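Undergrad: Protein chains in written order, with the working numbering: chain A, 87 to 299; chain B, 27 to 503; chain C, 143 to 800; chain D, 30 to 333. Note that CB positions come from ideal geometry on N, CA and C, so glycine has one too. Since the model is a prediction, treat every value here as computed from it, not as a measurement.
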Amino acid sequence: MGETLDLVLVGVLLLNFLMLGTSRLRAAIQFAAMQGVLLGAALFIAHGQTGGRILLLSIVTVLLKGIVIPTILLRATRNISVRREIEPFVGFTASLVLGALATGLSLVFSRSLPLLDEHVGELVVPASFATVLTGFLVLTTRRKAITQVVGYLTLENGIFVFGLTLVEAIPFLVEIGVLLDLFVAVLVMGIIMDHIHREFSSLSTEHLTSLRE
Amino acid sequence: MALWLVLAPLGFAAFAFAIPGARVRPWLLPAAGATQLVLVALELGTRGSGAGEPWIGLDPIGRLVTAYLAVLFFLCAAYAPGYLALRAERPNRIFCSVMLVFFAMMNLIASAQHLGLMWVAVEATTLASGPLLYFNRNPRSIEATWKYLLIGSVGIALALLGTFFVAYAALRGGIASSMLLSDVFASAPRLSRPWLHSGFVLALVGYGTKMGLAPMHTWKPDAYGEAPGLVGALLAGGLTSCAFVAILRFFQICAAAADSEFARSLLLFLGLFSMAVAGAFMVRQSDYKRMLAYSSVEHMGILVLGIAIGGAGSFGALLHLLNNGFSKGVLFLSAGNIHRAFGSKRTSEVSGALSVLPASGALFLAGFFAITGTPPFGTFVSEFTILSAMLHAERWGVAAAFLFLLVLVFVGMGSTVLAVVQGEPSARSGTTPYRDSWLGVTPIAVLLGLVLVLGLWIPAPFVALLREAAATLEAPR
Amino acid sequence: MSTWLALIGAALISASGLLALCVRRTGPRFADRVAAAAVGAGAVSALAASVLALAGGGDSLSLDGGFPGGVLCLGLDALSALFLLPVAALTAACATYALAYFPAAAHPREAPRLRVSFGLASGGMIIVLLARHSLVFLAGWEIMAVSAFFAVTTEDRDAEVRDAGFLYLVSARASTLCLLALFALHWVATGSFDLVPIGAGAVSPAIQSALFALALTGFGLKAGLVPLHYWLPPAHAAAPTHVSALLSGVLIKVGIYGIVRVASLLPDAPPWWGESLLALGVVSAVLGVAFALAQHDVKRLLAYHSVENIGIIAIGLGAALIARATGHWQTAALALAGALLHVVNHALFKGLLFLGAGAVIQRTGTRSLDALGGIAKAMPATALCFVVGAVSIVGLPPLNGFVSEFLVYSGLLRVAVAADGGLWLLAGFATPALALVGGLALACFAKVVGSVFLGSPRHSSMTGGAEAPAPMLAPMAGLAAACTAIGIAPFALAPALSAASAVALGKPEAQLVAPLGAISLVALLTLALCALLALALRTRLRRAPLEAGLTWDCGYAAPSPHMQYSASSFAEPLVRTFSFALLPRVRAPQLAAVFPGRGAFHSEVVDPVLDRLLVPAARAFANAAGWLRLLQRGSVHAYLLYVWLALFALLAVTGMTE
Amino acid sequence: MTLSDVAFAVVIPLLFPPLMLGVITRTKARIAGRRGPPLFQPYYDLLRLLRKGVVRSRTTSWVFLAGPVVGLVTACLAAAIVPLGANGALLSFPGDLIAFAYLLGLGRFFTIAAALDTGSAFEGMGASREAAFSCLAEPAAFFALLVLVKLSGAYSIGSMLGPDLPDLWARGAPSLGLATVSLFVVLLAENCRMPFDDPTTHLELTMIHEVMVLDHSGPPFALILYGSAIKLFAYGLLLARLATPFHVGGPALGAAVALGELLVIAILIGVVESVMARLRLLRVPSLLVGASLLSAFGVLLLVG
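(1) Give the residues of chain A in contact with L504/C, contact being defined as C-beta atoms less than 9 Å apart.
(2) Does any residue of chain B have a CB that is nearer than 9 Å to the CB of V274/A?
(3) Rounded to a whole number of angstroms, what is the C-alpha to C-alpha distance between P228/D and S257/D?
(4) Which of helix, strand or coil does DSSP assign to S552/C?
(5) Excluding five sequence neighbours on each side, which residues of the same chain lie with their C-beta closer than 7 Å to the C-beta of A142/D?
(6) Can you look up D26/D in the DSSP assignment and give me helix, strand or coil?
(7) Taking the straight line between their C-alpha atoms, what separation do you get for C105/D and L119/D?
(8) Quick one: residues in its chain with C-beta nearer than 7 Å to the C-beta of A436/C, no 5 flanking neighbours on either side, listed in chain order?
(9) Taking the CB atoms as reference points, tell me whether I455/C and V579/C lie closer together than 9 Å.
(10) Closest Cβ-Cβ distance between I256/A and chain B: below 9 Å?
(11) Give me the residue from V424/B, F277/B and A154/B with the minimum Cα distance to A501/B.
(12) List the residues of chain A that S267/B touches, going by C-beta distances under 7 Å, in chain order.
(13) Would you say F544/C and A665/C are within 9 Å of each other, going by their C-beta atoms?
(14) Starting from L420/C, trace the alpha helix (DSSP H) both ways and give me its first and last residue.
(15) Could you check the C-alpha separation between G263/A and T498/B for me, to the nearest Å?
(16) Might you give, ordered along the chain, the residues of its own chain that have their beta carbon closer than 8 Å to the beta carbon of L268/D, omitting 5 neighbours on each side?
(17) Please identify the residue among A495/B, V435/B and R113/B whose C-alpha is closest to the C-alpha of M308/B.
(18) In chain C, which residues lie with their C-beta within 8 Å of the C-beta of P241/B?
(19) Given this structure, state the Cα-to-Cα distance separating E204/A from A132/A, to the nearest angstrom.
(20) Taking one C-beta from the segment 395-408 of chain B and one from the segment 276-296 of chain B each time, how about it: are there three or more such pairs within less than 8 Å?
(21) So, for V303/B: in the same chain, excluding its five sequence neighbours on each side, which residues have a beta-carbon less than 6 Å away from its beta-carbon?
(22) According to the Cβ coordinates, are D219/C and V645/C closer than 9 Å?
(23) Taking the C-alpha atoms as reference points, what is the distance between L347/B and L134/B?
(24) Helix, strand or coil: which one does DSSP assign to V83/D?
(25) Going by alpha carbons, who is nearest to L584/C out of V111/D, Y184/D and G134/D?
(26) For W283/C, count the other beta carbons within 10 Å of its own beta carbon; 16 or more makes it buried, fewer makes it exposed. Which is it?
(27) Three or more C-beta pairs closer than 8 Å, one from the segment 474-485 of chain C and one from the segment 440-460 of chain C: is that the case here?
(28) Count the other CB atoms within 10 Å of the CB of S75/B; is the residue buried (16 or more) or exposed (fewer)?
(29) Our contact map puts F308/C next to G440/B with C-beta atoms below 8 Å; I'd like the distance itself, whole angstroms only.
(30) Is V728/C helix, strand or coil when you go by DSSP?
(31) Measuring alpha carbon to alpha carbon, tell me which residue in F122/D, G100/D, S121/D and A144/D is nearest Y707/C.
(32) Bridge partners of L203/C, per DSSP?
(33) Would you kindly work out how many angstroms separate the C-alpha atoms of L277/C and V407/B, rounded to a whole number?
(34) Report the start-end ranges of each alpha helix (DSSP H) in the segment 566-593 of chain C that is 4 residues or longer and not cut off at the edges.
(35) Cβ closer than 8 Å: which chain B residues qualify as neighbours of Q234/A?
(36) Looking at the unbroken alpha helix (DSSP H) that takes in E504/B, where does it start and where does it end?
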């Protein structure tokens, strides 16, 4: 079971790099969606034997993270017929290097923390940290509002990966609540993005710097 | 039944969403506030029989904060109809119902006894306050809302990770993991320290973002600057206090684990840093609403400083929570009135508010004196307590820095406030018809009266509640 | 009884402005009178309380009722009563003066507000004097400070007034925060809010010294000890004149009261407390009067003289503290009595001088010494009162200033005689410094009297005119009479001074022993002989051929008022002598050719602390803070980065070991 | 003190001082090779002035006449504080040295005020200089008096200069010597003698005291002249006693010796005035500060 999970998590890590490396907005969204699907799978693989609760949760995860939210974002890009490129502050190559660094750092950090015995050799914790950091990179180095939402999504994905270790501890209601919050958050951000586009005819956050000291 | 404190506003929210009358709807807000006051009074009256659901219940901190929220919300809500009547051109269906949801979620934060539930509630307040901020629907408010949502959501995501870390700390400690506060407290001594520590840091940064501690405060001036005064008052008085409660929960875990020293030093640093940043950014601040945001940053710093010092400092911090909230209410609501009368929030364009709006100007000025800890306002008592705690702990350097920063903030805030209030009325005052009205002034005056009362006379049961709450910070159960 | 009386007085005075607001509709004149009557009644009550307490009828009372600080104690002992005396008297004088100086009819917007803040400021002072509980003290203190701010900024449409008010407010706040630290430390050290003397050895010497240092800073800021005096001149210049009188006459004295009170609570005073106070006093007195001499604005000048007089008071207090530390109780009582009497005296004559200056300012519309002149002819009564005040403040016999300076000198000389080593040097240099201060003050007031009242008007608009109205003259006359009375019969105050010193020193046997009878004799002789001689001269002149002519100007036949020696020229030799400290900024025209063109000479002396230190420092800080703003330029990416950096930094410093 | 002593102590200070002026004038005349006016000329001048009429400027007020009156009264009272020889002074109480200085201050205040009352640029100039220079002389005098106080432990001029004075010289000769020199400088400055002021100059621009009283005439002017003579007497008495701390016989003899010493001082002043030129006005402060430093050094020597 552990190896299957690790395999899925390798996929998640790979998607992190793809996300950092791609220059196309829609691709980035699709990578985030794929990550969402993988997460649903990972949840099932890790804890599927524990019962229907997990199955339900996995399905909801795949639905939300893999389908509904990406659809919202893709619709946003479609409605707003903007230039499809991601406009980074930091170049793609540099982003990849930073991503690699972040992944390395995650490995080191998770080593320095006392893991449970069953997690010691596994990828769960480092993959979680790496995804969180990837989310951070996307959030801070990509210019468009929509890419920032993708970054936020990735960040949440990373946290979700960490949650795989704690399925017993987290009540179902809270898990659902977390997912629901994520959904509403993206929804609200989508609405706001819509308004941003209407006001500024662009989704670049460059226009969003009039409030300053 | 603590649950009713959450359900009642939600019910009002649904009702507000359902009814069609835009003129009637705002009055649901004070109605909900009054109902909440009754519910809270009942709840506080029947203390002791507090065995409700395990997830939602009122411990001393919860009792304190829900009661405080009820009062603050009632007064802000009493201000709302007058304000919304002035903004009749704006549809208020979303505004009213979302505000009630927002209020319900704040109550949920205060009464949640489960870390996960609390997180969900905090995130829900973030999302609910988005539409409130965006009430004015202009480019500037979009920008503010966007920043607020993004930074807040990212911060809260970190807090979720921190919550998970604490849960993992239990697993690592060989205990069945649970996020119920009572369970966590009970098993706290066995929590794995590295996980607990990093979990606390994540929660501190996460909820600290929400609370507006520097350097995570950056959304605050934008959001408070662009939000209607009413929303600013609820954000600065209510939401930040709730985020503070969330941090307190994590602090309690550390305290229960008899390992609060590291947490105290982090809080101490963040507290002083917040005050310093607030002081630096208040200097030559030309936008009086942004100035209020920095004042909020400063007072969040004072709150965590009090906790960091501990002892009487915790008591002082909890008292300061109330004082700050009520004073912020005074400031934001009166600033809102001034903004309305002058149509500008820049000090270069606003002056002589005391002449144009005698009541609001005076209240704004009085709010300034209240928030800066002028005796006999309540803020003075809480700051005095916190300072005494510092001296008692022989933290001379901290005390000196605290006092210096208070002066710095006073200078920064004073120059802006006085520029607005004093002098010849600027020409802009003639451009709007708005002048003081009973509806727009009375709630502010009551809020100010509350701050004053807290400085002159604190009822004994209330002191007992504060003591009890402070005690649970040192030795949570 | 006496405490209740004083409380009633405080309540009446505080409520005076609000009462006037209530009767506003019956007309401005009536409201004016209601306010003045309330203040008068309150002052009478407070004066009665004060006299009662000075006669040995002091008492205290406790209020219990769930206040944050527990049971609140108030009390009136001889020390408080001695300060209460001038507070009540000057408040009443200023309120009466305001009837004509600042009537609501002429200032419909400002006067009602001013009355409220004026009453509250004075009421706050009384509360401070009565407080035996640190939180009550702070509450009274802040009510006083904040109301005084509103009183100072009465004419807030003037930017200069706003700036001065803000400076005052910030200084007041800094002072309050020092007191906050003081009382917090007191609470932590003693476990009590009650302001009662601490038992010997109950608190460590280091804590006691910290308490004293905090008191010295906090109260020194209010009292205006150099270098903490910087707010005083602008605030006094900005305030309406009767408010300046109150500020200068009694409000800054409350700072002195605080120092005396706190020192009386601390049992083990090392000599350095007194030495530092003495040194600060000398610096304040010398610099205060030197800067006063260089002023062109009569109100700023009077304000700097307050710094000087606070310095003299501090010299007395310092000498008393030194004597107390070395066990010379008699000397301590002497010096302390001098300081306390100077507090009372300064309230009387500084109040008088401000009120006199106000009368002139109201009549002429200018505060500039170089524009005034010859007003004695139009306002002879005002001029006479002002001269009395001037002679008093310079410390000359036969008036009251001489008595208190005499006592301070006496204490200082006794300290000097008893001292050796460094202390001898300190005391040995303080005495001549005090003499220098006296000389400079004389020069300064000769300049003020001369350029305002004597000679001929320098401006045509000031010819003619009339005497100040009765509500303004009466308080001045009263204060002048009080100055004279104390000068002639200082022994009448001796029991009160003894009682107050005994409280402040915590030593009932520390009685005042001074040759007050001889001083009285000197005063009487001076007055009597002058009167006799004047009478004789008058009789002689009646008989002599009296000729009136032009002033002799060495043959120049058409002297004009502009040829008079101006105030600035009068002070020039001394300003030049002290230019190393005053650093005057002079703009003089270069005279190149035989027939130079038009030129203008300009010189000003700016405050060293405010204009050379605080303002540049504040500007530098603001500029530095401006750079900090670059961090917040609206980029949400940067903001997110800060969140992460904070996270990483905090993680890095947090211990991660099991 | 008996009644006759008192009468004696009142009459001498009232009658003697103008003689000192006469002696100074005579000394100067002799050194310059002239015979000079009679020794009693100052008395004749005073009487003549008292008989004369008065011219008053139209700009003046009552202050103008208060100057001479107060100046004379304060000078008399100050003189009463100083003991004649080793005898007690008429007015003596602990701290009377302060009264001495401040009484003279009162006189100065009104003299200056009277000068300013005329509104004349010249008299203003004189007043300004008088104020400035006496200010600077004050610390010098107080340093000197402080040396005396410290050495004697007494607080009245009468007891400081009493019978114990020789003993003080024995204990603190250097300090007392410095104090004496410094007091002499103060005497010259306070009484407007050379090198501070030239009483005989005819150029108003360079005058100090004389220019202040330009507008006075008749009886008031007599009061002024008389007052300044008494002031000179008081200072001279102080200095004489300090410089010659010998104890001579009974009160009458002591007083006679003291008066003799005063005449010596007058001659000394005459000599100084004859051999020195008036200082440049800008240099005057330096000299006064120098005198202060001198007596301050005397204070320094008493450390320990």
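TA: From the atom records:
(1) One point to set straight first is that residue 504/C is Gln, not Leu, in the sequence displayed. None at all; the shortest Cβ gap to chain A is about 46 Å.
(2) yes
(3) 12 Å
(4) helix
(5) V92 and G96
(6) Residue 26/D cannot be examined here, being either before or after the span of chain D that is shown, 30 to 333.
(7) 11 Å
(8) A713, V717, L724, P726 and V747
(9) no
(10) yes
(11) F277/B
(12) Near S267/B there are no residues of chain A at all, since even the closest Cβ is about 21 Å away, more than 7 Å.
(13) yes
(14) P413 to L435
(15) 28 Å
(16) T209, L212, F213, L216 and I294
(17) V435/B
(18) Y784, V785, L787 and A788
(19) 12 Å
(20) no
(21) A240
(22) yes
(23) 18 Å
(24) strand
(25) G134/D
(26) buried
(27) yes
(28) Note that S75/B scores a pLDDT of 48, beneath 50, so its modelled location is shaky; the value from the coordinates is reported in the next line. With fewer than 16 Cβ atoms within 10 Å of its Cβ, S75/B is classed as exposed.
(29) 6 Å
(30) strand
(31) A144/D
(32) L216/C
(33) 9 Å
(34) none
(35) L176
(36) With chain B running from 27 to 503 in the structure shown, residue 504/B is simply not present.
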